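Accompanying notes for the structure given below.
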Amino acid sequence: IENKMQYLQPLLTAETLADFEVDLRYDPTDINQQYPIYCLSIKGAPSAAVTISAYGFCAELARQAQLKLAFEEEIFTELIIPTRLSPFALQPLMDVVARTGKILLIEEGTRSLGWGAEVGTLLAETLGDKLKQVKRLAALETPVPAAVSLETGMLPQQEDIEALLRKMSA
Numbered sequence: 001i002e003n004k005m006q007y008l009q010p011l012l013t014a015e016t017l018a019d020f021e022v023d024l025r026y027d028p029t030d031i032n033q034q035y036p037i038y039c040l041s042i043k044g045a046p047s048a049a050v051t052i053s054a055y056g057f058c059a060e061l062a063r064q065a066q067l068k069l070a071f072e073e074e075i076f077t078e079l080i081i082p083t084r085l086s087p088f089a090l091q092p093l094m095d096v097v098a099r100t101g102k103i104l105l106i107e108e109g110t111r112s113l114g115w116g117a118e119v120g121t122l123l124a125e126t127l128g129d130k131l132k133q134v135k136r137l138a139a140l141e142t143p144v145p146a147a148v149s150l151e152t153g154m155l156p157q158q159e160d161i162e163a164l165l166r167k168m169s170a
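Start counting the sequence shown at 1; every next residue gets the next number (my numbering).
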């Protein structure tokens, strides 16, 4: 799934990520970690209440929501951005989710039979009682419309992410 809005976004740099601690999990000698996994948290913030994981343009929307909620509402999260979805390296995500106990999985694919469903299931099987809450935010179960206004209505938006994070952190 490829959101064309991502084409218009500048590449993130140290300057644009100045508010974030960036933990890059990458080991070119390990077959399961040859592709980097980015872990973003707000610099100097208390421990995260919720873990978020997203890829593609949804990761950018999640990053914007993460920043807004931290500075405006003191809701702190940690964002995990995988750069390879299959085979998926579960361990780095599992390590973070074990600390928070809560995960919001965001994707532009549909909820049924998607990446979020699979990752949520793997986390539940692996973490058991340590996993208190799993939420998924995904596209509506319809074909993607050609009209931008209709497309916006069916894909996850920053406001949707913020609303779910508020509920999860309460």
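We treat Cβ as the ideally placed atom computed from N, Cα and C, and that holds for glycine. Every value quoted in this text rests on a predicted model; they were computed, and no experiment measured them.
Just mark P87 as buried or exposed, buried being the case when its beta carbon has 16 or more other beta carbons within 10 Å.
The residue labelled residue 87 in the question sits at position 87 within the sequence shown. The residue is exposed, with fewer than 16 neighbouring Cβ atoms inside 10 Å.
Count the C-beta pairs between the segment 123-133 and the segment 144-156 that are closer than 8 Å, then say yes if the count reaches three, no if not.
No: fewer than three Cβ pairs fall under 8 Å.
Measuring CA to CA, which of Q34, L79 and L123 is closest to I161?
The residue given as residue 161 occupies position 161 in the sequence shown. If we check each option's Cα against that of I161, L79 comes out closest.
Could you check what DSSP says for P156 in three-state terms: helix, strand or coil?
Looking up residue 156 in the sequence shown gives position 156. Coil.
At a cut of 8 Å, does the segment 113-122 reach the segment 85-104 through at least three beta carbon pairs?
With a cut-off of 8 Å, the segment 85-104 and the segment 113-122 count as touching, because enough Cβ pairs lie within range.
Once DSSP output is grouped into helix, strand and coil, what is the label at F71?
Residue numbering aside, residue 71 sits at position 71 when the sequence shown is read from its first letter. Helix.
Whose C-alpha, out of E151, A98, D95 and T77, is nearest the C-alpha of S169?
What you label residue 169 is simply residue 169 of the sequence shown in a count that begins at 1. Among E151, A98, D95 and T77, the Cα nearest to that of S169 is on T77.
My output table needs one value for G114: the three-state DSSP class, helix, strand or coil.
Within the sequence shown, numbered from 1, the residue matching residue 114 stands at position 114. G114: coil per DSSP, three-state reduction.
May I ask you to verify whether the segment 140-155 touches the segment 86-103, counting CB pairs closer than 8 Å and requiring at least 3?
Taking 8 Å as the limit for Cβ pairs, the verdict is that the segment 86-103 does not touch the segment 140-155.
Measure the Cβ-Cβ separation of I81 and Q66 and say whether it is below 8 Å.
Here residue 81 refers to the residue found at position 81 when the sequence shown is read from its first residue. Here residue 66 refers to the residue found at position 66 when the sequence shown is read from its first residue. Not a contact, by the Cβ cut-off of 8 Å.
For I55, which residues in the same chain have their Cβ closer than 6 Å to its Cβ, ignoring the five residues on either side in sequence?
Translated into positions along the sequence shown, residue 55 becomes position 55. In the sequence as displayed, the identity of residue 55 is Tyr instead of Ile. The answer, listed in chain order, is P82.
Give, in chain order, every unbroken run of the alpha helix (DSSP H) that is at least 4 residues long and sits entirely within the segment 41-85.
You should have 56-73.
If you check the beta carbons only, do L61 and L104 fall under 8 Å apart?
Translated into the one-based positions of the sequence shown, residue 61 becomes position 61. Translated into the one-based positions of the sequence shown, residue 104 becomes position 104. In this structure, L104 does not lie closer than 8 Å to L61 by Cβ.
The alpha helix (DSSP H) that contains D30, what's its start and end?
By 1-based counting over the sequence shown, the position of residue 30 is 30. Premise fails: D30 is in no alpha helix (DSSP H) and is neither H nor E.
Check for me: the alpha helix (DSSP H) holding Q91 runs from which residue to which?
Translated into the one-based positions of the sequence shown, residue 91 becomes position 91. Q91 -> alpha helix (DSSP H) spans L90 to T100.
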